[in-house]
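> I am attaching a structure below and will ask some questions about it afterwards.
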Amino acid sequence: MPYTMTISSNNIILLLIIVGCYGTLALTSLSSERMLLSPLHRRCTSSSMTRLFARSRKDMFRELQEGGTVEKKSKKGEKDFYIKKKRNTGKRPAKVGSNSGGAVSISPDLAQWAGTLGDDNAVMEEGGVASAAESNTSKNRTRRRSKKEEKEEKKLRQMQRKAEEEAIAERVAGIVEVLEEKFEEEKRDMNFIVENLENLCNLGGTGTRTITSGQTRVDYRMVFAGSDAAVCHLGSGLHKVPLARLQEIFMTVGKNRIEVNEVIRILGPFPNVRNILKGDTSVASSNKFNIEYTSMVDGTGKEILAGKEENKRNVQLNVMFASDPAIVCSLPIESGENPFDNNGQNILVFFKEENLDEELEKLRVL
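Okay, here's the thing in structure tokens:
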């Protein structure tokens, strides 16, 4: 006869009560464990293996506190978790105190001292910035003032130089005008002429290089020669032939070239003759004027070339005064000698000729 167990209603009720109490205890224990774990651990409970990519739990919690997020990645059927940090915004996370309001409490005395220190620092910073700004402003003003003063000084020097040049030009023009009148006289006062020539040379005209090398050719007339030797030193000397007399000598300089026009009158029923000496010029120093004649056009209009180097004629003059209105020069002399001695017998004086073609036409040689 099979064994039959009879369960009464009271036993059934007691059994249900026991099972219910056990289930309640199990649920309570599980809930407590889940409350103790972090959200990351609760999400990881369903996985058989949690990989944190060589990060410690402490680092992981710190990154979560700084605002990180936890993302899933599936690899080989397993759920892996890694920390993705947010982009750094440059702001450090604020530390929260232990009090309920989240602010760190300090004593009133400490707060008052911190406020006083902040005001002093602000005043010092403002004072330092103001002092630096004033210093920079002062430097800029000084720099602007110095530049302005330099411009004014430069302008003043230019005005003074221009005034001096104008004064010298007036004196040169005055001496030239006086000498022109004296040269027209039949009976010349040589002492007066030599004295004025010395005064002219003392004015310091040193424009030899500018005149002889300039792009504009300038015409001059010989107005004074101290001796016939001085004339022959520059010219051809053909005026010394019988029945010939020198009428005029014109000199044209510029572009490192020179042309000397000699107008010679032949006694008798003969026309005037013009000889043209042509050559190159150079300035060895401030007062050394070198001439190298390379050709000559005679009275018949035929040009005679020097040809060989030994046939070229070299002439040197010492320039004592050179400007646009006048040139005063002398023959080479020994050191220490005065070119104005012996009534200036070594002197040659040239005044500017405004219209050379007109003068040559008057002389009937054009």
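As numbered in this note's numbering, residues 1267 to 1632 make up the sequence shown, in order. Just so you know, even glycine gets a beta-carbon here, dropped at the ideal spot from N, CA and C. The structure presented is a predicted model; accordingly, all values stated were derived computationally and were not measured.
#1: Identify, in the order they occur along the chain, each residue of the same chain with its Cβ nearer than 8 Å to the Cβ of E1446, setting aside the five sequence neighbours on each side.
#2: Could you say if the region 1569 to 1580 and the region 1446 to 1463 meet the contact criterion of at least three C-beta pairs nearer than 8 Å?
#3: Can you round the beta-carbon distance between T1518 and D1485 to whole angstroms, since I take them to be within the 8 Å contact cut?
#4: Can you list, in chain order, the residues of its chain with a C-beta nearer than 7 Å to that of A1491? Leave out the 5 residues immediately preceding and following it.
#5: Provide the residue span of the alpha helix (DSSP H) that contains K1628, from first to last.
#6: Since G1610 is in the alpha helix (DSSP H), which residue starts that stretch and which ends it?
#7: Helix, strand or coil: how does DSSP classify T1472 here?
#8: Between V1529, E1418 and A1495, which lies nearest to L1543 when the distance is taken from Cα to Cα?
#9: Can you give me the Cβ contacts of E1624 inside the same chain, cut-off strictly under 6 Å, excluding the 5 residues immediately before and after it?
#10: Are L1509 and L1533 touching if we call contact CB-CB under 7 Å?
#11: Let me confirm a value: A1592 is counted as buried when at least 16 other C-beta atoms fall within 10 Å, else exposed. Which label applies?
#12: With a floor of 3 residues, list each beta strand (DSSP E) that falls wholly inside the region 1507 to 1553, ordered by position along the chain.
#13: Looking at F1587: is its Cβ nearer than 7 Å to the Cβ of V1594?
#14: Using a Cβ-Cβ cutoff of less than 8 Å, which residues in the same chain neighbour V1444 once the five nearest sequence positions on both sides are dropped?
#15: Given a threshold of 16 other Cβ atoms within 10 Å of its Cβ, counted over all protein chains shown, does P1605 qualify as buried or as exposed?
#16: Quick one: using the 10 Å Cβ neighbour count with 16 as the cut-off for buried, is F1449 buried or exposed?
#17: Following the continuous beta strand (DSSP E) through I1459, name the residue where it begins and the one where it ends.
#18: So what does DSSP say about K1361, is it helix, strand or coil?
#19: Please report the distance separating the alpha-carbon of K1554 from that of L1583.
#20: By the 10 Å Cβ neighbour count, where 16 or more other Cβ atoms means buried, how is F1219 classified, buried or exposed?
#21: Can you give the Cα-Cα distance for L1469 and S1404, rounded to whole angstroms?
#22: Below 8 Å on the Cβ atoms is my contact criterion, and I expect N1556 with T1547 to pass it. Report the Cβ-Cβ distance as a whole number of Å.
#23: So, with DSSP's three-state summary, where would you put L1281?
With the given structure in hand:
#1: V1489 and F1617
#2: no
#3: 5 Å
#4: V1497 and L1614
#5: L1622 to K1628
#6: D1607 to G1610
#7: strand
#8: V1529
#9: none
#10: yes
#11: buried
#12: 1510 to 1520, 1523 to 1532 and 1539 to 1549
#13: yes
#14: N1462
#15: buried
#16: exposed
#17: Taken as a continuous stretch (DSSP letters only), I1459 belongs to no beta strand (DSSP E), being part of the alpha helix (DSSP H) at M1456 to C1467.
#18: For K1361, the predicted model reports a pLDDT of 46, less than 50, meaning its position is unreliable; a value from the coordinates is still stated below. Three-state DSSP puts K1361 in coil, outside helix and strand.
#19: 6 Å
#20: There is no way to answer for residue 1219, as the model of the chain reaches only from 1267 to 1632.
#21: 47 Å
#22: 7 Å
#23: helix
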